[in-house]
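> Structure below; questions to follow.
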Amino acid sequence: MAPAAAAAATAAPANAAVFRDQANKVGARNCADLYEALGQGLTRGAAFSVKTETDQAAPDAHLVRGLLGLTYDQPDLKGSAGGVVVAAPGQGGCEGYLVRVAPFQKPCAEVVSLLPAGSTAGQPLLGVWQYQLAGNQGQALMIPSGSTCVVVTLSGMTQRH
Numbered sequence: 046m047a048p049a050a051a052a053a054a055t056a057a058p059a060n061a062a063v064f065r066d067q068a069n070k071v072g073a074r075n076c077a078d079l080y081e082a083l084g085q086g087l088t089r090g091a092a093f094s095v096k097t098e099t100d101q102a103a104p105d106a107h108l109v110r111g112l113l114g115l116t117y118d119q120p121d122l123k124g125s126a127g128g129v130v131v132a133a134p135g136q137g138g139c140e141g142y143l144v145r146v147a148p149f150q151k152p153c154a155e156v157v158s159l160l161p162a163g164s165t166a167g168q169p170l171l172g173v174w175q176y177q178l179a180g181n182q183g184q185a186l187m188i189p190s191g192s193t194c195v196v197v198t199l200s201g202m203t204q205r206h
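And the structure:
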């Protein structure tokens, strides 16, 4: 599979359709709206750069994926993070997923207070804390790393045609 790619470094306004534009540029139009929604969710509150790829020969028949570098300047999260956005066509629509990896400069026990109210703890996975985020927002894995915490956020969406 030869990838088709588009890249953008952006500090674009929140309403800019960077992800949809890139999906359209590489020919992945079927799932462009879902790709946009996932991308907007992943990048909320961050400056970011994204590289979008898909199969060059049949972009609408394969997944469209974005690799992201993010920079946060928020009270509880400052610095770099990474992310992946994937949207793929399926029967009757598209399915997609986002993954964000963000290092917090505080222990996981303190980061827990930043989760949406109503989030619930799951069974730990070999020392990795697991949470179901409130409001059907996905899941979070918290990985202790010395005195800091790496948070992996996961969330999926579907779009029916």
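Heads up, the sequence shown is in my numbering, so the first residue is 46 and it goes up one at a time. By construction, the Cβ of each residue, glycine as well, lies at the ideal position given by its N, Cα and C atoms.
Give the list of continuous beta strand (DSSP E) stretches no shorter than 3 residues that lie fully inside the segment 126–176.
If we require 3 residues or more, the beta strand (DSSP E) runs fully inside the segment 126–176 come out as 138–149.
> From TYR80, GLY114, ALA77, SER192, pick the residue whose C-alpha is nearest to that of ALA147; which is it?
Considering only alpha carbons, the answer is GLY114.
> Tell me the DSSP bridge mates of SER190?
THR193.
> So, ALA77 versus ALA68, is the Cβ gap smaller than 8 Å?
For ALA77 and ALA68, yes; Cβs fall inside 8 Å.
> Tell me which residue opens and which closes the beta strand (DSSP E) that ARG65 is part of.
First-last for ARG65: 63–70, but that is the alpha helix (DSSP H), not the beta strand (DSSP E).
> In the DSSP output, what is GLN184 paired with across the bridge?
Its beta-bridge partners are GLN177, LEU199.
> Just confirm the distance between the C-beta atoms of HIS107 and THR97, as a whole number of angstroms; I'd bet it's less than 8 Å.
That pair is no contact at about 13 Å.
> Rounding to the nearest angstrom, what Cα-Cα distance links PRO189 and ALA102 in this structure?
Straight-line Cα distance between these residues: approximately 42 Å.
> Please classify GLN119: does DSSP put it in a helix, a strand, or coil?
Coil at GLN119, not helix or strand.
> Do the segment 151–166 and the segment 130–137 meet, that is, are 3 or more Cβ pairs less than 8 Å apart?
They do not touch, by the three-pair rule.
> Can you tell me where the alpha helix (DSSP H) with ALA91 in it begins and where it stops?
That residue, ALA91, is in no alpha helix (DSSP H); its beta strand (DSSP E) goes 91–100.
> Distance check for VAL71 and THR198, CA to CA, integer angstroms please.
Whole-angstrom Cα-Cα distance: 27 Å.
> List the endpoints of the continuous alpha helix (DSSP H) containing ASP78.
Start and end: 77–88.
> Measuring only the C-alpha atoms, how far is ALA73 from VAL109?
If you take the alpha carbons of ALA73 and VAL109, they lie about 6 Å apart.
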